[in-house]
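J.: Numbering (my numbering), first residue to last: 4 to 444.
Structure in structure tokens, see below.
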Ligand SMILES: NC(=O)c1ccc[n+]([C@@H]2O[C@H](COP(=O)([O-])OP(=O)(O)OC[C@H]3O[C@@H](n4cnc5c(N)ncnc54)[C@H](O)[C@@H]3O)[C@@H](O)[C@H]2O)c1
């Protein structure tokens, strides 16, 4: 099946099939020029910021053209590229995908954020323009969980201080305040993908695991959910935070919560920088109320590796500071490449939007012997009525259909008899509310 967008406003229309491949006409030249064939290998993918090769392999296996660039592009450079006919854009965290950039993408089908966050993309604009955005929220779960476990042991043995001393020529062979982790209690705040994985690994090392989450969660193994944050803090030797950034979690861990922790306990934050008050944490470590801390994320982080970095925690004993590397492993990068690359390919080939961050999620198994119409329209009253009218006027047989909406748009996937599908597609695309309409052969 070949996936192509029919976009009247943006001047490209597939009108017929030729040798199994659709033929496209540029609307501006439709009357005078012969049809231009548009084979699958003319679908253009632009991958910026050194997206992992695993994504490239997926696109190439489809026969798509792939252009890669090692760096992020500025807005004007990106506009120049997108207006040149890119169908799929892949970025990581640095490229800002603005409304202007999205609007310039005459043929842009979808955007892949080969990372976790998507705040570098104007998601609302992408939604309005009918461009789903996919990311990879869980590909680095294991990498973060493993680092947490490593840091629990490192804190328990004051490992970073010892190694620093030996590097500096000092020999301090001590056991004071150094412990095994077996039998100690780990408190996990936010028991989602990462938190629950940490719980499994910690239990395997003989730790007692408590969790606190605002939603009901299924405890893994012998992990035990507690009723309140206070209950978790008062019992835990290590507290590790794995919550998302929300209005509720911003500053959720400050002086009060630190005071509720056991004397000598350690705090780990590998979630989001806004969650912990680092000044309050620095005071608690300096005064010896806490035994140490491991911090990977900060309220404000440098833009690049060449920028300076300052934190109230620098130079404090038994404090591990890392530059937001929780998910930074080659395995995670590869998994992200595969996860996002597959989602973008699936959307191109079948119209599936499952996992898109700014779009109604739709997935429909393809019916045999049909053409599939994909229609994105403004979510205004009467669209479905008009579509049903178009279908019934043509006596078309709908073999399968699904519609999902969000406040702004509706996304319709419809499998139709081959002989009427192109006619139905054309009529639907001409509706005033239609944003994009595509047919899959
Ligand atoms: N350090 C890194 O490199 C790195 C890498 C990946 C993810 N992260 C961050 O880790 C965090 C967790 O990621 P995840 O994939 O496990 O997310 P997730 O969505 O799977 O889990 C988050 C959990 O936190 C819970 N939660 C939300 N608000 C809460 C609150 N106020 N109190 C208690 N629980 C609350 C949610 O119900 C959910 O179960 C995110 O902030 C993510 O950005 C960091």
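Just so it is clear, CB atoms sit at the ideal spot from N, CA and C, and this is done for glycine as well.
Within the present structure, is the beta-carbon of residue 516 separated from the nearest heavy atom of ligand 1 by less than 7 Å?
T.: Here the chain covers residues 4 to 444 and nothing more, so residue 516 does not appear.
J.: Just reading off the alpha helix (DSSP H) that residue 62 is part of, what are its end residues?
T.: Indexing the chain shown from 1 puts residue 62 at position 59. It spans 56-65 - the alpha helix (DSSP H) in which residue 62 sits, taken as one unbroken run.
J.: Is it buried or exposed for residue 156, if we count other Cβ within 10 angstroms and need 16 for buried?
T.: Residue numbering aside, residue 156 sits at position 153 when the chain shown is read from its first letter. Exposed, since its Cβ has fewer than 16 Cβ neighbours within 10 Å.
J.: Ignoring anything shorter than 3 residues, give me the beta strand (DSSP E) runs that lie fully in the segment 228-280, in order along the chain.
T.: Taking 3 residues as the shortest admissible run, the segment 228-280 contains the following complete beta strand (DSSP E) segments, listed from N- to C-terminal end: 241-244 and 269-272.
J.: Quick one: grab the DSSP three-state call for residue 354.
T.: For the purposes of this step, residue 354 is taken as the residue at position 351 of the chain shown. Three-state DSSP puts residue 354 in coil, outside helix and strand.
J.: Between residue 69 and residue 59, how many whole angstroms is the CB-CB distance? I'm expecting something under 8 Å.
T.: The count along the chain shown starts at 1 and reaches residue 69 at position 66. The count along the chain shown starts at 1 and reaches residue 59 at position 56. With 8 Å as the limit, residue 69 and residue 59 qualify as a contact, their Cβ atoms being about 5 Å apart.
J.: Could you tell me if the beta carbon of residue 143 falls within a distance shorter than 7 Å of some heavy atom in ligand 1?
T.: Within the chain shown, the letter at position 140 stands for residue 143. Result yes, Cβ under 7 Å from ligand 1.
J.: Identify whether residue 108 lies in helix, strand or coil by the three-state DSSP scheme.
T.: In the chain shown, counting from the first residue as 1, residue 108 sits at position 105. Residue 108 falls in the coil class under three-state DSSP.
J.: Compare the C-alpha of residue 307 against each of 371, 262 and 75 and name the closest.
T.: For the purposes of this step, residue 307 is identified with residue 304 of the chain shown, where counting begins at 1. For residue 307, the nearest C-alpha among the options comes from 75.
J.: Here's the rule I'm using: 16 or more other beta-carbon atoms within 10 Å means buried, otherwise exposed. How should residue 185 be labelled?
T.: Along the chain shown, one-based indexing puts residue 185 at 182. Flag for residue 185 reads exposed.
J.: Buried or exposed: residue 179, going by 16 or more other Cβ atoms within 10 Å of its Cβ?
T.: As a position in the chain shown, residue 179 is number 176, starting the count at 1. Its Cβ having fewer than 16 others within 10 Å, residue 179 is exposed.
J.: Report all residues from its chain with a CB closer than 8 Å to the CB of residue 137; omit the five preceding and five following residues, and keep chain order.
T.: Here residue 137 refers to the residue found at position 134 when the chain shown is read from its first residue. Correct list, in chain order: 113, 114, 115, 116, 343, 346, 347, 350, 358, 359 and 360.
J.: Below 7 Å, is the gap between the Cβ of residue 198 and the nearest heavy atom of ligand 1?
T.: In the chain shown, the residue the question calls residue 198 occupies position 195. Checking the Cβ of residue 198 against ligand 1 gives yes.
J.: For residue 68, which residues does DSSP report across the bridge?
T.: Translated into the one-based positions of the chain shown, residue 68 becomes position 65. 47.
J.: So, helix, strand or coil for residue 405, using DSSP?
T.: Taking the first residue of the chain shown as 1, we reach residue 405 at position 402. Here residue 405 sits in strand by DSSP.
J.: From residue 432 to residue 378, what does the alpha carbon distance come to, in whole angstroms?
T.: Residue numbering aside, residue 432 sits at position 429 when the chain shown is read from its first letter. Residue numbering aside, residue 378 sits at position 375 when the chain shown is read from its first letter. If you take the alpha carbons of residue 432 and residue 378, they lie about 7 Å apart.
J.: Near residue 175, which residues of its chain fall below 6 Å by C-beta distance, leaving aside the five closest residues on each side in sequence?
T.: By one-based count along the chain shown, residue 175 stands at place 172. Within the same chain, residue 175 has close Cβ partners 168.
J.: Any idea what DSSP makes of residue 445, helix, strand or coil?
T.: Examination of residue 445 is not possible in this model, given that the chain is present from 4 through 444 alone.
J.: Any heavy atom of ligand 1 closer than 7 Å to the beta-carbon of residue 193?
T.: Locating residue 193 in the chain shown gives position 190, where the first residue counts as 1. Yes, Cβ of residue 193 sits closer than 7 Å to a heavy atom of ligand 1.
J.: Check whether the Cβ of residue 301 lies closer than 7 Å to any heavy atom of ligand 1, and answer yes or no.
T.: Here residue 301 refers to the residue found at position 298 when the chain shown is read from its first residue. Not under cutoff, so the answer is no.
J.: Quick check: what's the CA-CA separation for residue 366 versus residue 418?
T.: In the chain shown, the residue the question calls residue 366 occupies position 363. In the chain shown, the residue the question calls residue 418 occupies position 415. Distance between the alpha carbons of residue 366 and residue 418 is about 12 Å.
J.: At which residues does the beta strand (DSSP E) containing residue 378 begin and terminate?
T.: Here residue 378 refers to the residue found at position 375 when the chain shown is read from its first residue. Per DSSP, residue 378 belongs to the beta strand (DSSP E) from 373-381.
J.: Taking just the CA atoms, how far does residue 427 sit from residue 336?
T.: Against the chain shown, residue 336 aligns to sequence position 333. Against the chain shown, residue 427 aligns to sequence position 424. Using only the alpha carbons, I get a separation of about 42 Å.
J.: Using only the heavy atoms of ligand 1, determine whether one of them is closer than 7 Å to the beta carbon of residue 246.
T.: Position 243 of the chain shown holds residue 246. Correct: residue 246 has its Cβ closer than 7 Å to ligand 1.
J.: Suppose you measure from the CA of residue 100 to the CA of residue 132; what does that come to, to the nearest Å?
T.: Translated into positions along the chain shown, residue 100 becomes position 97. Translated into positions along the chain shown, residue 132 becomes position 129. Approximately 13 Å between the Cα atoms of the pair.
J.: Buried or exposed: which applies to residue 181, given that a residue is buried once 16 or more other Cβ atoms fall within 10 Å of its Cβ?
T.: Here residue 181 refers to the residue found at position 178 when the chain shown is read from its first residue. Residue 181 should be labelled exposed.
J.: What did DSSP end up calling residue 1 once you bin it into helix, strand or coil?
T.: The question about residue 1 has no answer here: the residues shown for the chain are numbered 4 through 444.
J.: Taking just the CA atoms, how far does residue 338 sit from residue 228?
T.: On the chain shown, residue 228 is found 225 positions in, with the first residue counted as 1. On the chain shown, residue 338 is found 335 positions in, with the first residue counted as 1. Roughly 30 Å between the two C-alpha positions.
J.: From the DSSP secondary-structure annotation, give me the bridge partner or partners of residue 418.
T.: Residue 418 sits at position 415 when you count from the first residue of the chain shown. Residue 418 pairs with 375 and 403.
J.: Can you name, in chain order, every residue of its own chain whose Cβ lies under 7 Å from the Cβ of residue 164, other than the five neighbours on each side?
T.: Counting from 1 along the chain shown, the entry for residue 164 is found at position 161. 320 and 321.
J.: Is any heavy atom of ligand 1 found at a distance shorter than 7 Å from the C-beta of residue 330?
T.: Residue 330 sits at position 327 when you count from the first residue of the chain shown. Answer for residue 330: yes, Cβ within range of ligand 1.
J.: By Cβ distance below 6 Å, which residues in the same chain neighbour residue 252 in space, the five residues on each side in sequence not counted?
T.: Sequence index remark: in the chain shown, residue 252 carries index 249 (1-based). So the list reads 246 and 278, once near-sequence residues are dropped.
J.: Between the beta-carbon of residue 226 and the beta-carbon of residue 237, is there less than 8 Å?
T.: Translated into positions along the chain shown, residue 226 becomes position 223. Translated into positions along the chain shown, residue 237 becomes position 234. No, these two residues do not count as a Cβ contact at 8 Å.
J.: Assign residue 147 to buried or exposed, taking buried as 16 or more other Cβ atoms, counted over all protein chains shown, within 10 Å of its Cβ.
T.: Residue 147 sits at position 144 when you count from the first residue of the chain shown. Burial call: buried.
J.: Of the residues 311, 255 and 318, which one's Cα is nearest the Cα of residue 286?
T.: In the chain shown, counting from the first residue as 1, residue 286 sits at position 283. When each option's Cα is compared against that of residue 286, the closest is 318.
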